Amino acid sequence: MPGAKEIRNQIKSIGSTRKITKAMEMVAASKMRRAQERMQAARPYAEKMRQVVSHMSEANLEYKHPYLSVRDEIKGVGFIVVSSDRGLCGGLNVNVFRKAVNAMSEWHDKGVNVKLVTIGKKASACFRRFNAQIAGEAFGLGDAPHLEVLIGAIKVIMDAYMEGEVDRLFIVSNNFVNTMTQAPDVEQLIPIAPPAAEESERQHWDYIYEPESKEIVDLLMDRYIESLIYQRVAENSACEQAARMVAMKAATDNAGKLIDDLQLVYNKARQASITQELSEIVGGAAAV
Numbered sequence: 000m001p002g003a004k005e006i007r008n009q010i011k012s013i014g015s016t017r018k019i020t021k022a023m024e025m026v027a028a029s030k031m032r033r034a035q036e037r038m039q040a041a042r043p044y045a046e047k048m049r050q051v052v053s054h055m056s057e058a059n060l061e062y063k064h065p066y067l068s069v070r071d072e073i074k075g076v077g078f079i080v081v082s083s084d085r086g087l088c089g090g091l092n093v094n095v096f097r098k099a100v101n102a103m104s105e106w107h108d109k110g111v112n113v114k115l116v117t118i119g120k121k122a123s124a125c126f127r128r129f130n131a132q133i134a135g136e137a138f139g140l141g142d143a144p145h146l147e148v149l150i151g152a153i154k155v156i157m158d159a160y161m162e163g164e165v166d167r168l169f170i171v172s173n174n175f176v177n178t179m180t181q182a183p184d185v186e187q188l189i190p191i192a193p194p195a196a197e198e199s200e201r202q203h204w205d206y207i208y209e210p211e212s213k214e215i216v217d218l219l220m221d222r223y224i225e226s227l228i229y230q231r232v233a234e235n236s237a238c239e240q241a242a243r244m245v246a247m248k249a250a251t252d253n254a255g256k257l258i259d260d261l262q263l264v265y266n267k268a269r270q271a272s273i274t275q276e277l278s279e280i281v282g283g284a285a286a287v
């Protein structure tokens, strides 16, 4: 059994760690509220963009944008993987990486080339260890992600799609279900899928554009991609803070339990030491 001094040092060390995890839990809870506000503010715009562009995919447009055309032969696919820049958020990043690897493996088995764009330092570090083909990276987003930081990496994979190097583009990130649950998900960005409806229920019509249809549709498609990716990044940020808060709370609770166990061991060691001292005093007195 370790001595009383060693146990006291362990209790002190674990107590210091518990203070840190408790502080991190409170900080994450504060950041989570702000991240949820950004996520909820981005959702309506992204959902409306989905509806408009999905509706356009069913219309008889004067100008057919490449994002609306489904290519029969798939030679390459692209994946945008969204993660956090920092750790200490439980299995949040591991779950999304597993989802991405499973999806990419299906295309690899078909002999399709896979390109990656990573958002977040954790995704970049993970897929570099696998020697994946990373076309672009974006990290250092901070607690409040800005679209300007993402545009460079997004443009690389979008140019690859326009040049025919990539025939489908997916995004993999975490969906915020609630504070305790974050679900990784794979969504196809382009080509844009038509709305789910029966063939007889679908309506086909033309739009009237002012100015030219090409100018408006090109701008709309760029805004569509940007809004969806930003919404996914904002949602992943809220997931990160929620997962970190839960992980730090669990660490704080475990530290408290460990301190209680060590305190019991310390009391037993101290009691044994006192008993030994009393025995030595009594023995010495009897000998005299």
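If you read the sequence shown in numbering that gives the first Met the number 0, its first letter stands for residue 0, the second for the next number, and so on.
Glycine included, every Cβ here is placed at the ideal spot set by N, Cα and C.
Note that the coordinates shown come from a computational prediction; the quantities given were computed from them, not determined experimentally.
For Gly-119, is the classification buried or exposed, using 16 other Cβ atoms within 10 angstroms of its Cβ as the cut-off for buried? For the purposes of this step, residue 119 is taken as the residue at position 120 of the sequence shown. Counting Cβ neighbours within 10 Å, Gly-119 comes out buried, since at least 16 surround it.
Using only alpha-carbon positions, find the residue among Lys-21, Ala-152 and Glu-72 that is nearest to Ile-224. Counting from one through the sequence shown, the residue named residue 224 turns up at place 225. Here the closest residue by C-alpha is Ala-152.
For the beta strand (DSSP E) that Ile-189 lies in, which residues bound it at each end? On the sequence shown, residue 189 is found 190 positions in, with the first residue counted as 1. It spans 180-189 - the beta strand (DSSP E) in which Ile-189 sits, taken as one unbroken run.
Give me the Cα-Cα distance between Ala-268 and Arg-33, rounded to the nearest whole angstrom. Here the question's residue 268 lines up with position 269 in the sequence shown. Here the question's residue 33 lines up with position 34 in the sequence shown. Distance between the alpha carbons of Ala-268 and Arg-33 is about 48 Å.
Would you check if the distance between the CB atom of Ala-99 and the CB atom of Phe-129 is smaller than 8 Å? Start at 1 with the first residue of the sequence shown, and residue 99 comes out as number 100. Start at 1 with the first residue of the sequence shown, and residue 129 comes out as number 130. Cβ atoms of Ala-99 and Phe-129: not closer than 8 Å.
Does the Cβ-Cβ distance between Arg-289 and Ser-272 come in under 8 Å? What the structure shows of the chain is the stretch from 0 to 287, and residue 289 is not part of that stretch, so it cannot be assessed.
Would you tell me roughly how many angstroms separate the C-alpha atoms of Met-38 and Leu-227, rounded to the nearest one? By 1-based counting over the sequence shown, the position of residue 38 is 39. By 1-based counting over the sequence shown, the position of residue 227 is 228. Roughly 12 Å between the two C-alpha positions.
With DSSP collapsed to three states, give me the class of Arg-85. Along the sequence shown, one-based indexing puts residue 85 at 86. Arg-85: coil per DSSP, three-state reduction.
Pro-190 beta carbon less than 8 Å from that of Leu-67: Taking the sequence shown and counting its residues from 1, the one referred to as residue 67 is at position 68. Taking the sequence shown and counting its residues from 1, the one referred to as residue 190 is at position 191. Contact flag set, yes.
When DSSP labels each residue in this structure, what does Val-306 get in the three-state scheme? Nothing can be reported for residue 306, as the shown portion of the chain is limited to 0 through 287.
Taking the straight line between their C-alpha atoms, what separation do you get for Ile-10 and Ala-45? Here the question's residue 10 lines up with position 11 in the sequence shown. Here the question's residue 45 lines up with position 46 in the sequence shown. Going by the C-alpha atoms only, they are around 50 Å apart.
Closest Cα partner of Arg-70 within the set Glu-162, Ala-246, Asn-8 and Ala-41: By 1-based counting over the sequence shown, the position of residue 70 is 71. It is Glu-162.
By the DSSP assignment, the beta strand (DSSP E) with Val-116 in it spans what residues? In the sequence shown, the residue the question calls residue 116 occupies position 117. Per DSSP, Val-116 belongs to the beta strand (DSSP E) from 112-118.
Alpha carbon to alpha carbon, what distance is there between Met-55 and Met-48? Residue mapping note: residue 48 aligns to position 49 of the sequence shown, counting from 1. Residue mapping note: residue 55 aligns to position 56 of the sequence shown, counting from 1. One C-alpha to the other measures close to 10 Å.
Endpoints, the beta strand (DSSP E) within which Ile-133 is located: The residue you call residue 133 lines up with position 134 of the sequence shown. 133-137 is the extent of the beta strand (DSSP E) around Ile-133.
State the beta-bridge partners of Gly-75 as determined by DSSP. As a first step, residue 75 must be located in the sequence shown, where it is residue number 76. The partner list for Gly-75 (beta bridge, DSSP) reads Asn-112.
Neighbour-count burial assignment, His-64, 16 or more Cβ in a 10 Å radius: Position 65 of the sequence shown, counting from 1, holds the residue named residue 64. The residue is buried, with at least 16 neighbouring Cβ atoms inside 10 Å.
Could you work out which residue in Tyr-62, Ala-250 and Arg-167 is closest to Gly-14 when comparing CA atoms only? Start at 1 with the first residue of the sequence shown, and residue 14 comes out as number 15. Cα-wise, what sits closest to Gly-14 is Ala-250.
For Ala-254, I'd like the list of residues in its chain whose CB is within less than 8 Å of its CB, leaving aside the five on either flank, ordered along the chain. Reading the sequence shown from its first residue, position 255 is the one you call residue 254. The residues are Ile-13, Gly-14, Thr-16, Arg-17 and Thr-20.
Where does the unbroken alpha helix (DSSP H) through Arg-243 begin, and where does it stop? Residue mapping note: residue 243 aligns to position 244 of the sequence shown, counting from 1. Residues 212-286.
Which residues bound the alpha helix (DSSP H) around Glu-46? Numbered from its first residue, the sequence shown carries residue 46 at position 47. Note, Glu-46: alpha helix (DSSP H), 3-55.
At a threshold of 7 Å, does Ala-34 count as lining the ligand GTP (C-beta to nearest heavy atom)? The ligand content of the structure shown is nil, which means the ligand GTP is not present either.
Specify the secondary structure class of Ile-153 as computed by DSSP and reduced to three states. Against the sequence shown, residue 153 aligns to sequence position 154. If DSSP states are grouped into helix, strand and coil, Ile-153 belongs with the helices.
Can you tell me the Cβ-Cβ gap for Pro-183 and Val-95, rounded? I've got them flagged as a contact below 8 Å. As a first step, residue 183 must be located in the sequence shown, where it is residue number 184. As a first step, residue 95 must be located in the sequence shown, where it is residue number 96. Indeed they touch by this definition, with Cβ atoms about 4 Å apart.
On the CB-based measure, 16 or more other CB atoms within 10 Å of its CB, does Arg-85 come out buried or exposed? For the purposes of this step, residue 85 is taken as the residue at position 86 of the sequence shown. Exposed: under 16 other Cβ atoms inside 10 Å.
Closer than 6 Å by C-beta to Cys-125: which residues in its own chain qualify, once you throw out the five before and the five after it? Chain order, please. Walking along the sequence shown from the start, residue 125 turns up at place 126. Within the same chain, Cys-125 has close Cβ partners Phe-96.
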